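K.L.:
What follows is a structure written as structure tokens; I'll ask about it next.
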Amino acid sequence: MEGAPIPTVNYLIFELADGDVRWFLDSSDAADVAWKLRSLHDIATALMQLHGQGIAHQDLKPSNVLVFSDASSRVGDLGRGIKRGQPAPHEQMIIAGHHAYAPPELHYGSVAQDWQRYRLGCDLYQLGSMALFLFESVTATPAIFGALAQEYQPTAWSGPYQDVLPHLRDAFNRVFAAPLFSDLPSIGDKLLQTVRQLCDPDPSLRGHPRTRAQPGNPLGLERFVTAFDLMSKRAEIALTRQMRA
């Protein structure tokens, strides 16, 4: 309508990316173990910066991780992001982002009362799911539900989440068990441990065990940032040694 006021629209302007991580994995010879771990470090750092401002991304998935000419990874698309204490149109949705990447409990309608465990815990789960995608070409939720008997699927289950959790734990253990990542010398065990901590189907156990009981910091994302950084450096050293051999 002519003369009508233009509503306020918040937006972010990014540099032009070369593509997302799916494109980089398919098209670049540089997508080696070290790069994948550096990418996870970049993603974890981005989440830590968002969480530091009280913002949950809620929709971390391969298409939302952009890769630039220097091979760095950056998290984009905050269209489903939620800032604590600031109402958003999608805040009332149990699953704010794409359902295929949401943690298991949300598919059963189980919502943690603690905002950090609910919203920020979703980001941690999706970070672990990104690790599984980069190394195994599958994401966590389809993998877990694929290992779960039909009667315990979200579409079939009508009981409390705590009652179906043991069955989800069994499916989780089948997916996130050795020999997963066993072909990654020096970092495979650490990567598996890290991803298990990020993707635990029990939101009260998701996060780093050393920070879980700390007031105000139950998830310990900064420890995962450090873990991915150290693993990427070990992988770079291993690749350098292979090239020199």
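The number in the numbering used here is simply the position in the sequence shown, starting from 1, with 34 added. Glycine included, each C-beta is placed from N, C-alpha and C at the ideal position. The model shown is predicted, which means the values in this text are computed figures rather than measured ones.
Per DSSP, what kind of secondary structure is Lys70 in: helix, strand or coil?
P.N.:
As a working mapping, residue 70 is identified with position 36 in the sequence shown. Helix.
K.L.:
Mind checking Arg72: buried by the 16 CB within 10 Å criterion, or exposed?
P.N.:
For this step, residue 72 is matched to residue 38 along the sequence shown. Its Cβ being crowded by 16 or more others within 10 Å, Arg72 is buried.
K.L.:
Distance, Cα to Cα, Asp54 vs Gln150?
P.N.:
Along the sequence shown, read from residue 1 onward, the residue named residue 54 stands at position 20. Along the sequence shown, read from residue 1 onward, the residue named residue 150 stands at position 116. So the two alpha carbons sit approximately 28 Å from each other.
K.L.:
Give the straight-line distance between the Cα atoms of Glu256 and Pro237, rounded to the nearest whole angstrom.
P.N.:
Counting from 1 along the sequence shown, the entry for residue 256 is found at position 222. Counting from 1 along the sequence shown, the entry for residue 237 is found at position 203. Cα to Cα, Glu256 sits roughly 18 Å from Pro237.
K.L.:
Could you give the residue range of the alpha helix (DSSP H) that holds Leu100?
P.N.:
In the sequence shown, residue 100 corresponds to position 66, counting from 1. Careful: Leu100 lies outside any alpha helix (DSSP H), inside the beta strand (DSSP E) at Val99 to Val101.
K.L.:
Thinking just about the alpha-carbon of each residue, which of Gln187, Phe206, Asp223 and Asn98 is nearest to the one in Met164?
P.N.:
In the sequence shown, counting from the first residue as 1, residue 164 sits at position 130. It is Asn98.
K.L.:
So, at 6 Å on beta carbons, what are the nonlocal neighbours of Gly222 in its own chain, with the 5 sequence-adjacent residues on each side left out?
P.N.:
Within the sequence shown, numbered from 1, the residue matching residue 222 stands at position 188. Phe215 and Ser216, listed in sequence order.
K.L.:
Would Tyr142 and Val198 qualify as a contact pair, given that the criterion is a beta-carbon distance under 8 Å?
P.N.:
Residue 142 sits at position 108 when you count from the first residue of the sequence shown. Residue 198 sits at position 164 when you count from the first residue of the sequence shown. Yes; because the gap between Cβ atoms is below 8 Å, this pair is in contact.
K.L.:
Select from Pro188, Pro243 and Ser266 the residue whose C-alpha is nearest the C-alpha of Ser144.
P.N.:
On the sequence shown, position 110 is the one that residue 144 refers to. Out of Pro188, Pro243 and Ser266, Pro188 has the C-alpha closest to the C-alpha of Ser144.
K.L.:
Just to confirm before moving on: does the CB-CB distance between Val209 and His75 stay below 8 Å?
P.N.:
To locate residue 209, count along the sequence shown from 1; it is residue 175. To locate residue 75, count along the sequence shown from 1; it is residue 41. No, the Cβ-Cβ distance between Val209 and His75 is not below 8 Å.
K.L.:
Quick one: Cα of Ile116 to Cα of Ala65, how far?
P.N.:
In the sequence shown, counting from the first residue as 1, residue 116 sits at position 82. In the sequence shown, counting from the first residue as 1, residue 65 sits at position 31. Between Ile116 and Ala65, the C-alpha separation is close to 31 Å.
K.L.:
Between Ala183 and chain B, is the shortest Cβ-Cβ distance under 8 Å, so that the two count as touching?
P.N.:
Judged by its chain identifiers, the structure shown contains no chain B, having just a single protein chain.
K.L.:
Would you decide whether Pro213 is buried or exposed? Buried here means 16 or more other CB atoms lie within 10 Å of its CB.
P.N.:
Residue 213 sits at position 179 when you count from the first residue of the sequence shown. Result: exposed.
K.L.:
In chain order, what residues of the same chain have a beta carbon less than 7 Å from the beta carbon of His124, not counting five sequence neighbours either side?
P.N.:
Against the sequence shown, residue 124 aligns to sequence position 90. Same-chain partners within the cutoff: Arg114 and Ala130.
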